[in-house]
Structures are given as structure tokens and as C-alpha cells.
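Protein sequence lines, in the order shown, are assigned to chains X and Y. With our numbering, the residue at position 14 of the first sequence is 14, and numbering never jumps. For our numbering, add 1000 to where a residue sits in the second sequence, where the first one is 1. Positions of the beta carbon are idealized from the N, C-alpha and C atoms, including for glycine. All values reported here derive from a predicted model rather than from experimental measurement. Read the structure below first, then the notes.
There are 2 protein chains.
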Amino acid sequence: MERLRIVFSGSGGQGVITAAIILGEAAVLHNGLNAVQSQSYGPEARGGATRADIIISDSTIYFPKANQPNLLVCLTQESYVKYNPAIRPGGMLLTDSRYVTVQKKVDARQWELPMYETIMDKIKNPIVLNICMLGAVVALTEVVEPESVLKVLADRIPPAFLDINNQAFELGMDLMKA
Amino acid sequence: MERLRIVFSGSGGQGVITAAIILGEAAVLHNGLNAVQSQSYGPEARGGATRADIIISDSTIYFPKANQPNLLVCLTQESYVKYNPAIRPGGMLLTDSRYVTVQKKVDARQWELPMYETIMDKIKNPIVLNICMLGAVVALTEVVEPESVLKVLADRIPPAFLDINNQAFELGMDLMKA
């Protein structure tokens, strides 16, 4: 397995850190992989762009920052502008089509998915946008089994919110496959 | 300001990652510091010991793992046995007196606080043990203002649970000061 470096970016409150933690747990607890997850806060965090890094591998990971990510996800224009220059040549870029207008071509395969619109249309609750994004990422990368994420959700999400999280995850998978 | 390297350790579900994220946000958003927060998952995570690292500094942080932490917090015996040899000589060790029996002396100042017992006695809900621990850490290190943590809690915690989180934080501060 190639080492996969992923960056989830957006604004505070969009749940990108939570999504990264869930993906790391799914990889380790249910797929037998190693994962390192981190966030750096600094002057730029105060500006509003939040970033969560995750590296997944079947071997030991020594350095936890995902410099030159294979996959960059952007849920806001600001995070797109800030982080897209760092994407690895030939890598993957996933953006939300409501929040991000892709301004110039980078050397990456690009997916613009209506994640926010779909969530608001079907679930009417923006809180699960991060889990919809996670569904799209899992369908795109196949880095973990979808069932592994569903197990982590069942362990971590309060029962009253589990249904909408599962639904958001499936919607994200469907958007990517369509 | 000296760079502060902190490790929170315990078992899955005790909320040590959440506590580390809250501390990092408090330091950056409300105290003008820099912070890096990370978790590594690997074979040892599958064994049950969870660990979250956080480094706080007023200057740039290049390496995100808190090797030789200045402060190690242990909420389970397993995490204590595993991580206490790594503590920086002359550092600080904080343990929960219900979950951890300190077995041998390390070169560290040690605090054994009845955090779990106090939470169960006063709040009757183990879910806020991590926030009580955070209160003790803030009182011990004074790395951030208590008000900075309370602001992050107000932003992150659902309204129905905010009161018990604030209460747990104050209980942890009081335990450390007593």
C-alpha cells in the first residue's frame, strides 16, 4: 500500500478535525493500518482556516505532517486558496461546489461535489457536512472499508444523531460514485 | 515562555483527544500562543492506551510530537505503565487516584488527584472527567487563562451539556489548588 497523505481543510466549526480523527480510528481499529493525525494552530488558525492532517500507511509513520498531500479537501474558499498550492503533483483535490470556486488548474485530478447542497436538501442539517465529505473521501480513495467508518460512528456519535451521520456518509459515497 | 510539551493519556472514550484539542484552541484563539496537537494510532492504540500530544509555545513549533513531555497526565494504569518512563527528568506527572496506582518513583513532581471520584460525587457523570482533568492541568501549568478554556467550551459544547462541563473544569482547578 502506498502511504496516503490527506489534508482536510475548512473553517472552524465545519468538523474537519473530527472527520480526520474518525478516519484515523477507522484505519487503525478496523483495517489494521497505522495512522497519525495532527493539527497545527498558529497565526493562520486565527485567520479562520482550519486544517487537519492525516497520514495512513501499512508501515510505521515517522513524520506526522502531510506535506504535499496526495489528497486535499477544501470546504471553504479561504482554505482552498491557502492550501491548494501544496498539493502533490498528480494528486487529488476535492472541493465543495457551494463553498469553493476553483480558480485555476493545478496538476491534480479535481472533484467538485455539491456536498453542502445535498446535505441541506436531504438532511436539512449542516452539522453532518464533515461526515458527507468523509463518505466522498472513502469512496474516492478506498483507503478503508466503508463499514470501518460506520463502526467508528456507532461508537462515537450519540444515538440521537447516529442516523443522520450514517445517512450523510452514504450520501457522500453516492456523490463520489455518481 | 518555555515551550510546554504535554501528553494526555488514558483509554479510548475518556476524551483525552478532545481535551487536547480544547487546550490547543484556548492557547491559540484566546492567549495568542502557538500550538500543535497530534495523535498517533498504531499497534499500541489497538491495545487500548490512547495518547494525545500537545505542544504550546510563543514561538514556531516545528516538530509536533511531545517526546519527553514536561507534563504527563495518565487516566488509566495501562497508560501510566506505558508512558511514565518517557517523562522529562524534573517534569510533572498528574494521575487519577482511582484509576492509577503510582508504582515507582520517577524523577518528576507528582500529583495524584481524585478526579474521577469528585466528578462522580458532584456531577454523577463520568463523561466530563476529561474536562476536570483539563481544569487541573490549567491550574497546575497556568499555560492559558482559565477564561480561555471556558470560552472554547462555550463555543464547542452543546448548550445542554455546557453547565456540567464548566462545573467539571472548576472542580479540576479546585482539586489542584487544594
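Grab me the residues of residue i's own chain with a C-beta within less than 7 Å of its C-beta, minus the 5 sequence neighbours each way, in chain order.
i                  : result
Glu25 of chain X   : Val152
Leu33 of chain X   : Ala27, Ile56, Ser57 and Asp58
Arg1003 of chain Y : Ile1055 and Ser1057
Thr18 of chain X   : Asn130
Asn31 of chain X   : Val144, Glu145 and Ser148
Gln1098 of chain Y : Position check: residue 1098 of chain Y holds Arg in this sequence, whereas Gln was assumed. Once the five neighbours on either side are set aside, the close Cβ partners of Arg1098 of chain Y are Pro1114, Tyr1116 and Glu1117.
State buried or exposed for residue i, treating a residue as buried only when at least 16 other CB atoms are found within 10 Å of its CB.
i                  : result
Asn1125 of chain Y : exposed
Val1100 of chain Y : buried
Thr1060 of chain Y : exposed
Gln1103 of chain Y : exposed
Asn1130 of chain Y : buried
Ala1108 of chain Y : buried
Ala160 of chain X  : exposed
Gly1135 of chain Y : buried
Ala35 of chain X   : buried
Tyr1062 of chain Y : exposed
Quick one: what's got a C-beta closer than 6 Å to residue i's C-beta in the same chain, skipping five residues either side?
i                  : result
Met1084 of chain Y : The displayed chain sequence assigns Asn, not Met, to residue 1084 of chain Y. If we look at Asn1084 of chain Y and ignore the five residues flanking it on each side, its Cβ neighbours are Val1106.
Ala1020 of chain Y : Phe1008, Gln1037, Ala1052 and Ile1054
Asp1096 of chain Y : Leu1075, Met1115 and Tyr1116
Trp1111 of chain Y : Leu1094
Gly12 of chain X   : Thr50
Pro1089 of chain Y : Asp1107
Gln39 of chain X   : Ile17 and Ala52
Gly1091 of chain Y : Asn1070 and Ala1108
Ile22 of chain X   : Val152
Excluding five sequence neighbours on each side, which residues of the same chain lie with their C-beta closer than 8 Å to the C-beta of residue i?
i                  : result
Ser1009 of chain Y : Val1016, Ala1049, Thr1050, Arg1051, Ala1052, Leu1072, Val1073, Cys1074, Leu1075, Thr1076, Ser1079, Tyr1080, Lys1082 and Tyr1083
Ile193 of chain X  : With chain X running from 1 to 178 in the structure shown, residue 193 of chain X is simply not present.
Ile1119 of chain Y : Asn1125, Pro1126, Val1128, Leu1129, Cys1132, Ala1168 and Leu1171
Ser1066 of chain Y : According to the sequence as given, residue 1066 of chain Y is Ala; it is not Ser. Excluding residues within five positions, the ones whose Cβ falls inside 8 Å are Arg1005, Ile1006, Val1007, Asp1053, Ile1054 and Ile1055.
Lys1122 of chain Y : Gln1167 and Leu1171
Lys1177 of chain Y : Ala1139
Met173 of chain X  : Gly135, Ala136, Val138, Ala139 and Pro146
Ala154 of chain X  : Leu162
Gln14 of chain X   : Thr50, Leu75, Thr76, Leu129 and Asn130
Leu150 of chain X  : Asn166 and Phe169
Leu29 of chain X   : Ser148, Lys151 and Val152
Contact check, residue i vs residue j under 8 Å by CB: the rounded distance?
i                  : j                  : result
Ile87 of chain X   : Leu93 of chain X   : 6 Å
Phe1164 of chain Y : Val1137 of chain Y : The sequence shown places Ile at residue 1164 of chain Y, rather than the Phe named in the question. With 8 Å as the limit, Ile1164 of chain Y and Val1137 of chain Y do not qualify as a contact, their Cβ atoms being about 18 Å apart.
Leu113 of chain X  : Leu175 of chain X  : 5 Å
Open item on the list: Counting beta carbon pairs with one atom in the stretch 1063-1082 of chain Y and one in the stretch 1137-1149 of chain Y, are three or more of them shorter than 8 Å?
Closed with: Contact annotation: the stretch 1137-1149 of chain Y touches the stretch 1063-1082 of chain Y, with at least three C-beta pairs closer than 8 Å.
- [ ] Just list the beta strand (DSSP E) runs in the stretch 101-126 of chain X, keeping only unbroken ones of 3 residues or longer that don't cross its boundaries, in chain order.
- [x] Listed in chain order, the complete beta strand (DSSP E) runs (minimum 3 residues) inside the stretch 101-126 of chain X are 108-113.
TODO: Run through the stretch 6-92 of chain X for me and flag every whole alpha helix (DSSP H) of 4 or more residues, listed as ranges in chain order.
DONE: Qualifying alpha helix (DSSP H) stretches, in chain order: 16-25, 43-46 and 77-83.
Task: Whole runs of the alpha helix (DSSP H) within the stretch 151-177 of chain X, excluding any shorter than 4 residues - done: Qualifying alpha helix (DSSP H) stretches, in chain order: 159-177.
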